[in-house]
Amino acid sequence: MAIDKPERQLGLLAALLHTDRPLRAAEIHYRVEGYPEDDVAFRRAFERDKDDLRRLGVPLQVERTETSDGSIDGYRVSQGDYYLHDLGLEPDEVVALSVALRLIRLEGVASDDALWKLGGASADQAGSAQLAHIAMGPAVTQFHEAITLKARVTFDYRGEERQVEPWRLAFRRGQWYLEAFDRVRADERRFRLDRIEGAVHVGEAGTATAPRALVTQERQPWQFTTEDELSYTALVAIDASHARWAQHHLPAATVVTTHDDGSIEIQLDVTNVAAFRSLILSMFDAAEILSPPELRDDMVRWLQAMVSA
23 MAIDKPERQL
33 GLLAALLHTD
43 RPLRAAEIHY
53 RVEGYPEDDV
63 AFRRAFERDK
73 DDLRRLGVPL
83 QVERTETSDG
93 SIDGYRVSQG
103 DYYLHDLGLE
113 PDEVVALSVA
123 LRLIRLEGVA
133 SDDALWKLGG
143 ASADQAGSAQ
153 LAHIAMGPAV
163 TQFHEAITLK
173 ARVTFDYRGE
183 ERQVEPWRLA
193 FRRGQWYLEA
203 FDRVRADERR
213 FRLDRIEGAV
223 HVGEAGTATA
233 PRALVTQERQ
243 PWQFTTEDEL
253 SYTALVAIDA
263 SHARWAQHHL
273 PAATVVTTHD
283 DGSIEIQLDV
293 TNVAAFRSLI
303 LSMFDAAEIL
313 SPPELRDDMV
323 RWLQAMVSA
């Protein structure tokens with residue numbers, strides 16, 4: 023009986039996992055069932071299988087091996103890289119994870135299987151009512167794959183083609199967002215997934231490399247760029263009662279003035295107006311937006327709307 027492609031790829035993965043040395047293509051052709059006998063057809067099928075395994079996140083290694091005919095490529099998969107490592111979770115941590123998986127369900131994700139592999143009981147045994155069900159559209163799965171593979175992604179957004187290096191997925195207020203490095207604009211951008219137009223194309227693994235600043239600098243919510251808003255440099259006056267807090271919790275802000283009474287004026291970059299508004303409101307009447315007028319007016323309009331509601 024003929025062996026189908028998934029079964030052949032499982033056989034290939036098993037052979038690459040359970041070898042103490044890299045296997046040459048000729049050895050794989052001999053050991054793994056399901057490949058065409060013709061060498062050229064085998065090569066084509068083998069190359070496709072390697073690509074498929076890599077897209078699934080399999081850490082396929084290519085190493086040069088010495089033979090009587092010279093140095094050629096050998097292939098294997100390290101068990102240490104492939105299998106899930108022991109996370110060292112304490113019993114109470116496993117219980118907490120079980121409760122969390124019971125309360126929040128990700129659509130299409132077998133959370134019970136994942137918990138079982140970590141040594142915990144099924145989340146269904148937690149006995150708690152489900153609080154939230156998070157929808158998982160196809161784009162979420164594709165972007166998660168791209169982040170895992172470190173692959174570039176191409177898609178249309180607001181009538182323009184975007185080529186990005188995906189960094190992180192976030193779920194906020196019922197919507198999925200992608201935080202990524204936009205290669206055309208050479209800056210970080212945030213995209214709302216339900217506004218993506220058409221298909222999402224995931225590139226080759228290893229083609230995305232986030233800039234050093236993107237990896238090492240943790241941006242604040244009001245610094246995340248959205249496609250709907252402009253960039254501002256805000257000047258904010260903060261009372262002495264909150265000055266120390268602001269200096270400790272806002273490392274990206276610059277203190278431009280320190281007054282005798284202990285109050286300060288800080289300057290910070292703003293690319294997300296709604297998040298900036300939340301920051302100011304969190305300090306109640308201890309913070310005042312001095313400039314620019316656009317941000318002052320936005321705050322006034324928002325407060326007036328709250329009073330009128």
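Quick note: the sequence shown uses this note's numbering, first residue 23, plus one each step. Backbone N, C-alpha and C define an ideal beta-carbon position, used for all residues, glycine too.
Give the secondary structure of residue i by DSSP, where H, G and I count as helix, E and B as strand, and everything else as coil.
i           : result
residue 58  : coil
residue 220 : strand
residue 80  : coil
residue 71  : helix
residue 285 : coil
residue 45  : strand
residue 150 : Bear in mind that a pLDDT of 46 at residue 150, under 50, signals an unreliable position, so the model cannot answer this.
residue 272 : coil
residue 257 : strand
residue 144 : In this prediction, residue 144 scores a pLDDT of 48, lower than 50, which makes its location untrustworthy; the coordinate-derived value is nonetheless stated afterwards. Coil.
residue 226 : coil
residue 180 : coil
residue 174 : coil
residue 111 : coil
residue 290 : strand
residue 239 : Interpretation of residue 239 is limited by its pLDDT of 47, a score under 50 that renders its predicted location unreliable; the figure taken from the coordinates is listed afterwards. It is coil, neither helix nor strand.
residue 186 : strand
residue 162 : helix
According to DSSP, residue i sits in a beta bridge with which residue or residues?
i           : result
residue 93  : 88
residue 191 : 200
residue 98  : 83
Taking the beta strand (DSSP E) that residue i falls in, what are its first and last residues?
i           : result
residue 202 : 197–204
residue 213 : 209–214
residue 105 : Here residue 105 belongs to no beta strand (DSSP E), and DSSP marks it neither H nor E.
residue 231 : Note, residue 231: premise wrong, no beta strand (DSSP E); not H, not E.
On a Cα-Cα basis, can you pick out the residue from the options that is closest to residue i?
i           : options               : result
residue 82  : 199, 45, 280 and 55   : 45
residue 300 : 281, 287 and 324      : 324
residue 38  : 262, 72 and 208       : 72
residue 208 : 200, 185, 221 and 263 : 185
residue 198 : 204, 206, 212 and 205 : 212
residue 268 : 178, 287 and 170      : 287
Could you round the C-beta distance between residue i and residue j to whole angstroms and report it? I think they count as a contact, below 8 Å.
i           : j           : result
residue 161 : residue 215 : 5 Å
residue 278 : residue 309 : The Cβ separation is near 15 Å, so there is no contact.
residue 227 : residue 188 : Contact flag wrong, Cβ pair sits at about 12 Å.
residue 52  : residue 68  : Between residue 68 and residue 52 the Cβ distance is about 12 Å, and since that is not below 8 Å, they are no contact.
residue 99  : residue 168 : Wrong, their Cβ atoms sit about 21 Å apart, outside the cutoff.
residue 254 : residue 200 : So it is not a contact: roughly 23 Å between Cβ atoms.
residue 274 : residue 290 : 6 Å
Would you mind reading off the limits of the alpha helix (DSSP H) that contains residue i?
i           : result
residue 298 : 295–304
residue 310 : Not the alpha helix (DSSP H): residue 310 falls in the beta strand (DSSP E), residues 309–313.
residue 39  : 27–39
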